[in-house]
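Chemist: Be aware that the sequence shown starts at 598, since it is given in our numbering, and climbs by one per residue.
Quick reminder that beta carbons are idealized off the backbone N, C-alpha and C, glycines included.
Before we start, here is the structure in question, set down as structure tokens.
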Amino acid sequence: MNRVLDDFQLDYERTEDRITVTSTMNTVYRTHKNRMFQHYSVFNSKEEALKHPYPDMNKEEWTRVYDLFVNEEFQRRSAINKENRAKLKIVHTSGARSFQRVRALLVRKNGGVTVAARVEGKSYTEVEIFAEVLGTKGVMCEV
């Protein structure tokens, strides 16, 4: 146990440490809330959902969570978010993997070759993508 305490000495006066703790707590909260909503969504009626609390949660706590899910403001925000997600042209589908990790897996899968990007039926090389994103600039080199 002492090793764990030694590795995680946080100074809450440091902005970076506070941001790290806060963002971790926010992520865990959103994940837990999403799991509870998935549990709530399984049931056909609101009354049935109220009768079947989330695992390891008593009726009183589940009633408060249930009240949040049936709240008009929550329903309105949820509908707006669904519409906005439906409008996305590019859907991020790699889950928790970073883009660098996905790329490394693709390189390994393709024998060390990176697959060119395909947009609207046209293939683009890395050089073309960099030129498009960063722009081109004429540079004179002296040899």
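In this structure, does DSSP put Ser675 in helix, strand or coil?
Modeler: For the purposes of this step, residue 675 is taken as the residue at position 78 of the sequence shown. The answer is helix: DSSP assigns Ser675 an H, G or I state.
Chemist: So what does DSSP say about Lys719, is it helix, strand or coil?
Modeler: On the sequence shown, residue 719 is found 122 positions in, with the first residue counted as 1. Strand, per DSSP.
Chemist: Would Thr660 and Leu647 be called neighbours here (beta carbons separated by less than 8 Å)?
Modeler: What you label residue 660 is simply residue 63 of the sequence shown in a count that begins at 1. What you label residue 647 is simply residue 50 of the sequence shown in a count that begins at 1. Yes; because the gap between Cβ atoms is below 8 Å, this pair is in contact.
Chemist: Put Leu665 into one of helix, strand or coil per three-state DSSP.
Modeler: By one-based count along the sequence shown, residue 665 stands at place 68. Helix, per DSSP.
Chemist: I'd like the span of the alpha helix (DSSP H) that includes Ser638, first residue to last.
Modeler: Residue mapping note: residue 638 aligns to position 41 of the sequence shown, counting from 1. Element bounds for Ser638: 612 to 638.
Chemist: I need the straight-line Cα distance from Gln635 to Ile687, nearest angstrom please.
Modeler: Taking the first residue of the sequence shown as position 1, residue 635 is located at position 38. Taking the first residue of the sequence shown as position 1, residue 687 is located at position 90. Each residue's alpha carbon lies about 24 Å from the other.
Chemist: Tell me which residues share the same chain as Phe671 and place their Cβ nearer than 7 Å to its Cβ, disregarding the 5 neighbours each side in the sequence.
Modeler: Taking the first residue of the sequence shown as 1, we reach residue 671 at position 74. The residues are Leu665.
Chemist: Does the distance from the CB of Val662 to the CB of Tyr651 come in under 8 Å?
Modeler: Within the sequence shown, numbered from 1, the residue matching residue 662 stands at position 65. Within the sequence shown, numbered from 1, the residue matching residue 651 stands at position 54. Against a cut-off of 8 Å, the Cβ pair of Tyr651 and Val662 comes out as a contact.
Chemist: Determine the DSSP secondary structure at Ile687, reduced to helix, strand or coil.
Modeler: Numbered from 1 along the sequence shown, position 90 holds the residue referred to as residue 687. Coil, per DSSP.
Chemist: Looking at the secondary structure, which residues open and close the alpha helix (DSSP H) in which Ala646 lies?
Modeler: Numbered from 1 along the sequence shown, position 49 holds the residue referred to as residue 646. That run of the alpha helix (DSSP H) goes 643 to 648.
Chemist: What does the Cβ neighbour count give for Thr722, buried or exposed, with the cut at 16 atoms within 10 Å?
Modeler: One-based indexing of the sequence shown puts residue 722 at position 125. It counts as exposed.
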